[in-house]
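There are 2 protein chains.
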Amino acid sequence: MTAISPLAPARFPDLPPVPGVRLAAAEARLRYRGRPDLLLASFAPGTAVAGTLTRSRTAAPPVEWCRALLGEEDGSARALVVNAGNANAATGERGLAVVRRTAEAAAALIGCRADEVYVCSTGVIGEQMPVDRLTAALPGLHARLADDAWAEAAAAIMTTDTFPKGACAQAEIAGQPVTIAGIAKGSGMIAPDMATMLAYVFTDAGLPAAVLRPALRRAVNRSFNAITVDGDTSTNDTCLLFATGAARHPRIARAGDRRLAGFRAALEAVLSDLARQIVRDGEGARKFVAITVRGAASEAAARRLGLAIANSPLVKTAIAGEDPNWGRIVAVVGRAGVDFDQAQLAIRIGAERAAGGGVADPAFDEPAAARHMQGQEIEIAVEVGAGPGTATVWTCDLTHGYIDINADYRS
Amino acid sequence: MTAISPLAPARFPDLPPVPGVRLAAAEARLRYRGRPDLLLASFAPGTAVAGTLTRSRTAAPPVEWCRALLGEEDGSARALVVNAGNANAATGERGLAVVRRTAEAAAALIGCRADEVYVCSTGVIGEQMPVDRLTAALPGLHARLADDAWAEAAAAIMTTDTFPKGACAQAEIAGQPVTIAGIAKGSGMIAPDMATMLAYVFTDAGLPAAVLRPALRRAVNRSFNAITVDGDTSTNDTCLLFATGAARHPRIARAGDRRLAGFRAALEAVLSDLARQIVRDGEGARKFVAITVRGAASEAAARRLGLAIANSPLVKTAIAGEDPNWGRIVAVVGRAGVDFDQAQLAIRIGAERAAGGGVADPAFDEPAAARHMQGQEIEIAVEVGAGPGTATVWTCDLTHGYIDINADYRS
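Chains A and B supply the protein sequences, listed in that same order.
Taken in order, the first sequence gives residues 868 to 1278; the numbers are from my numbering.
Taken in order, the second sequence gives residues 868 to 1278; the numbers are from my numbering.
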C-alpha cells in the first residue's frame, strides 16, 4: 500500500444526507483483501439521471450498459452498483453478461427493473469478473443501506487512490433548499476529453434528465475535463448525476431556466472539488499545479493549451525538480495545435513574470519563482493574446512515485 | 554526466566521405565545458537542399531562418552551422539578429552569401546566445574543415544525448553510385508530427530541391515522424538534406522518376537508422520498443495508434516494470481517436498472443511474455481489423532515469 498523498485533505468531508439516497459498502474480495470494494446505492422512485461516459473505443461493458440506459429519454434510476479491483473491460460478451446478472440481482433486492440499475467497474483491464462473489455480497449490502455511509462508499470505489474523495454543496431552486453531494475515485489513467474516472453525484433536486444533462455537461467540462494526471484516458470513465426529486421546489422543465443558476454553480463547485481531489491523489503526486491560460480565441482553445502544458512530461518533471524552467512551457504551447502570436506570449510562475512579448522578462526574479516552486501548491499563468478564452486546468508533478506505482500495479 | 545508454550501439559507424562535404567541430564554450558544441559544414557550389522543420508555433529564430531559405525555389546551400547548449528559442528579434550575424560570419569565411548558410541551434530555451563566442570560433573551424570528421560533428550537436548518432548507405542512380551519410541528435523533448530534433543528411547525388523534397518528406514520415521518447515536440526540430551533385549520374528532374527507387530506399534506411538511434538514447531508456500496428484504415491511422501506445506513460512504465500488462494497450488504442472494431482487436507481446477478438486469449502464455519483456528489445504488435494500414513506431520505456535527467536538466 502506498502512503497517503502529501496533498490529501486533512479528513473526509462531512457529507449531509441527500433525501432519497441510501448507501452501503462491503468487502466482496473481488481482488483486494481487507478493504471494501463494492458499493450499492438505492434511490427513491422517480429519480432522474444524467451521465457523461468515456468516449474510448474500447469502453468497458458496464460503460456500454450505462450508455444504453442513459439513452432512454425517460429512464429513471433506482440503484447503482460499483466495484473496484476489476474494470470488467476487454471482457466482451461475457463481461456484458456479468453486468446484466449484477443488475438483475440488485433489481430483485430493490424491487425494480434491471434497466433501472446502473453498474460500474474500475480496476485491472482484461480479466473476467468473479461475478458470483459480487452478487453474493449484494443482499448484505441491501440490508445495511443508510443515508450517512458516504465515507465507506467513497472508500469502496478506490483503486490506487490513497484517500477517499467527497464534496458537497447547498443551493436554492426557486427559494427552496437543495443538497448536492458527490464521491469520486481516480489517481492514475487520468485524462480528460470526457468524464474522467468514476464520479457519482446525488441531489434531492427534482429535475428531469433533459435539465440535468446540459448542467452536468457544462460542469464536467470545467472540472473533470480540466484535470490530468498522466494523459491516459480510461476504458471506464463515468460520471453520473442522480436527482431524487425529494426537494420541495416547483417543477422546472427548461434547462435555461434562470432559477437554476444557483444549482448550476453549486453542481460545478462539487464537481470541481472532486476533480481537484483526484489530482491531489495523482499517482506519485507531491505538488498540486493550477495552470490558467488567458487571452485565447475561445475557452476550448485555452483549455487545450492548458492541458498540453499539464500533460507535458518535461513540464511535470521540471515541477518535480522545483525548476522554474519556463522555456519548456514555451515549447509545449508551441506544439499544442492552437494558433496564437508568439510575440504576445507571457508566462508567470507564482507571482513572478518569467516571460513577456515571447521572450525572457529581464526583470524575472528567478529565485523568487524557485521559492514558489518549492511549495506544494504551484500556480502557472500563461497569456497568449487578447482573446476572450480563459480556462484553468489542474495537474500534479511527475515523480519517481508514479513510476514505482505503475511499474508494478498489477502484481 | 549521465552514463551511456545501455541501448547504445557498440561504436560510432564508419561514415564514408561524401564528395562535396567537409566538416569541423570545436569547443566554443557556449554552455558546456570540455566538449565540442559547435559544428561547421561546408558544401561545394551548386549544392541543393531540402528540409523539414518543426511546426511549433514557438519555432526558434534559427528555424525561421532555415524556413525562409528553404522557401526559395532555387536556393542553394554552401554551409551549415549548428551549436548545442543554447536553443536560441524564445529569443525574439535579438535571437534572429544572432542567426544573421552567424550566417554572415560563416559566409565571409566560405566566400558565399549569408542566405546560403543554414543555421541551427539546440539546447536550453529562453536564453540569449553568447554570439561573440560563437563567431569567434568559426575561423578556427573553417581552417580545419575535413571530409572525415563525422564522429566529431555528431558529438558537437549533442545535448542530453549519451552517444553520437550516425548512419550511411550507398545507392545507385541510373547505374552510378551515390553515397548518403547522416548525423542526428536527440534524447528528450522527442515527439514526431514533423521532423524531430536535429538531423543532417548529406549526399553527393545531383538532385534538385524539387526532387529531394518529396523523397525527404516520405522518409521522414517513416523514420523521425515514427519515434517518440516523451511526446514533447521541440521548438528547434530540423532535418536538412544536402545534395552536392558530385556524383556522375545523369540529371534527374522529376520526383517520380523510377531511377530514384534505390536512392529513396537508401535515404529511408539512413533516416530510419538515425531515428532508432535517437530512441536508443531516449532519456533514461533501458528498453527499445518497436510497436507495429496492422489492419488500420490507413498508414496514418496505424501510425496514430502506434504513437498513442508509444506515448502512454502507463504503457511505458509497464514496460519499465517488465509487466506484460496488455490491458493498458487496450485502454490506449481506445482513446486514440481512431475508429476500429474492438471485437477485432488482437495484441501480441513478443511472440505471445495476449488478446484476440477484443478479449484475453485463453491460451496466452503470460510467463513467456514476461520473459520477452525482461529483454532489452521489446516487440508489441496490435491488429485492429482488416484494413490496409500498417505502421511501425519506435519508443523506449519510461524510467526513474527520465525523471532524474529532467528534474534538473538546466542546473
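Beta carbons are placed, not taken as given, at the ideal position from N, Cα and C, and that holds for glycine.
1) What residue does the beta strand (DSSP E) around Arg1220 of chain B start on, and which one ends it?
2) By the DSSP assignment, the beta strand (DSSP E) with Phe910 of chain A in it spans what residues?
3) Run down chain B in chain order and give the residues with a C-beta less than 8 Å from the C-beta of His1239 of chain A.
4) Does DSSP classify Gln1144 of chain B as helix, strand or coil?
5) Give the residues of chain B in contact with Thr1266 of chain A, contact being defined as C-beta atoms less than 8 Å apart.
6) Just the Cα atoms here: how many angstroms apart are Leu905 of chain B and Gly1173 of chain A?
7) Quick check on DSSP: helix, strand or coil for Gly875 of chain A?
8) Curious, which full-length beta strand (DSSP E) runs of at least 3 residues does the stretch 962–994 of chain A contain?
9) What does the alpha-carbon distance come out to for the pair Thr1105 of chain A and Val1249 of chain A?
10) May I ask you to report which of helix, strand or coil DSSP gives Thr1119 of chain A?
11) For Ala1164 of chain A, tell me which candidate among A:Thr1257, A:Arg896 and A:Ala1077 has the shortest Cα-Cα distance.
12) List, in order along the chain, the chain B residues whose C-beta lies closer than 8 Å to that of Ala1222 of chain A?
13) For Gln1037 of chain A, list the residues DSSP reports as bridge partners.
14) Quick one: grab the DSSP three-state call for Phe1130 of chain A.
15) Can you name, in chain order, every residue of its own chain whose Cβ lies under 8 Å from the Cβ of Ala1221 of chain B, other than the five neighbours on each side?
16) Tell me whether Arg1238 of chain B sits in a helix, a strand or coil according to DSSP, three-state version.
17) Under the criterion of a Cβ to heavy atom distance below 7 Å, does Gly1268 of chain B qualify as lining the ligand SAH?
18) Whose Cβ in chain A lies nearer than 7 Å to the Cβ of Phe1207 of chain B?
19) In this structure, does DSSP put Phe1091 of chain A in helix, strand or coil?
20) By the DSSP assignment, the alpha helix (DSSP H) with Thr1002 of chain A in it spans what residues?
21) My output table needs one value for Val1249 of chain B: the three-state DSSP class, helix, strand or coil.
22) Going along the stretch 1169–1192 of chain B in order, which residues come within less than 7 Å of chain A, judged by CB to CB distance?
23) Which residues of chain A have a Cβ atom closer than 8 Å to the Cβ of Asn1273 of chain B, listed in chain order?
24) For the stretch 1013–1033 of chain A against the stretch 925–944 of chain A, do three or more pairs of beta-carbon atoms, one drawn from each stretch, fall closer than 8 Å, so that the two count as touching?
25) Cβ atoms of Ala1041 of chain A and Pro928 of chain A: under 8 Å apart, would you say?
26) Quick one: what does DSSP say Leu890 of chain A is sitting in, helix, strand or coil?
27) What residues match up with Phe1155 of chain A in a beta bridge as DSSP calls it?
28) Quick check: is the beta carbon of Arg1202 of chain A nearer than 8 Å to any beta carbon in chain B?
29) Kindly list, in the order they appear in chain B, the residues whose Cβ is closer than 8 Å to that of Val1197 of chain A.
30) Bridge partners for Arg1215 of chain B per DSSP, in chain order?
31) Are Leu1107 of chain A and Leu1079 of chain A closer than 8 Å when you measure CB to CB?
32) Tell me which residues share the same chain as Ala875 of chain A and place their Cβ nearer than 8 Å to its Cβ, disregarding the 5 neighbours each side in the sequence.
33) In terms of DSSP beta bridges, what is Lys1032 of chain A paired with?
34) If Val1137 of chain A sits next to Thr919 of chain A, beta carbons under 8 Å apart, how far is it from one beta carbon to the other, in whole angstroms?
35) By the criterion of Cβ-Cβ separation under 7 Å, what are the contact partners of Val1226 of chain B in chain A?
36) Which same chain residues end up closer than 8 Å to Pro1006 of chain A when comparing Cβ atoms and leaving out the 5 residues on each side of it in sequence?
According to the structure shown:
1) Here the beta strand (DSSP E) through Arg1220 of chain B covers Glu1219 to Gly1223.
2) The continuous beta strand (DSSP E) containing Phe910 of chain A extends over residues Leu905 to Phe910.
3) Result: empty, since nearest Cβ-Cβ is about 16 Å, beyond 8 Å.
4) Here Gln1144 of chain B sits in helix by DSSP.
5) Correct list: Ile1270.
6) Approximately 36 Å, taken between the alpha carbons.
7) Here the sequence assigns Ala to residue 875 of chain A, which means Gly is not the residue at that position. Residue state, collapsed to three classes: coil.
8) If we require 3 residues or more, the beta strand (DSSP E) runs fully inside the stretch 962–994 of chain A come out as 984–991.
9) Computed Cα separation, rounded: 31 Å.
10) A small correction: the amino acid at residue 1119 of chain A is Ile; Thr does not occupy that position in the sequence shown. Ile1119 of chain A: coil per DSSP, three-state reduction.
11) Ranked by Cα distance from Ala1164 of chain A, the first of A:Thr1257, A:Arg896 and A:Ala1077 is A:Thr1257.
12) Neighbours of Ala1222 of chain A in chain B, taken as residues whose beta carbon is under 8 Å from its own, are Ala957 and Gly993 in chain order.
13) According to DSSP, Gln1037 of chain A bridges with A:Thr1046.
14) Of the three classes helix, strand and coil, the one that applies to Phe1130 of chain A here is helix, per DSSP.
15) If we look at Ala1221 of chain B and ignore the five residues flanking it on each side, its Cβ neighbours are Pro1191, Trp1193, Ile1214, Arg1215, Ala1227, Asp1228, Phe1231, Glu1233 and Ala1236.
16) In the structure shown, Arg1238 of chain B falls within a helical segment according to DSSP collapsed to helix, strand and coil.
17) For the ligand SAH, the structure offers nothing, since it holds no ligand at all.
18) By Cβ distance, chain A contributes Arg924.
19) Correct three-state label for Phe1091 of chain A: helix.
20) Under the DSSP assignment, Thr1002 of chain A falls in the alpha helix (DSSP H) whose first and last residues are Val998 to Ala1010.
21) The DSSP-derived three-state label of Val1249 of chain B is strand.
22) Cβ contacts with chain A come from Ser1179, Pro1180, Leu1181, Thr1184, Ala1185, Ala1187, Gly1188, Asp1190 and Asn1192.
23) Those are Pro1180, Leu1181, Thr1184, Ala1185 and Gly1188, listed as they occur along chain A.
24) In short, these stretches do not touch, since the Cβ pair count stays below three.
25) No, they are not a contact pair.
26) Strand at Leu890 of chain A.
27) According to DSSP, which records beta bridges pairwise, Phe1155 of chain A is partnered with A:Glu1244 and A:Cys1263.
28) Yes, its Cβ sits closer than 8 Å to a Cβ of chain B.
29) For Val1197 of chain A, the chain B residues whose C-beta falls within less than 8 Å of its own C-beta are Thr925, Ala956, Ala957, Ile992, Gly993 and Thr1102, listed in chain order.
30) Partner(s): B:Arg1220 and B:Ala1248.
31) Going by C-beta atoms, Leu1107 of chain A is not nearer than 8 Å to Leu1079 of chain A.
32) The beta carbon of Ala875 of chain A sits closer than 8 Å to those of Thr1029, Phe1030, Arg1147 and Asp1148, all from its chain and outside the five residues before and after it, given in chain order.
33) Looking at the DSSP assignment, Lys1032 of chain A forms a beta bridge with A:Ala1051.
34) No, Val1137 of chain A and Thr919 of chain A are not in contact; Cβ-Cβ is about 15 Å, not under 8 Å.
35) Simply Ala957, Thr958 and Gly959.
36) The residues are Leu976.
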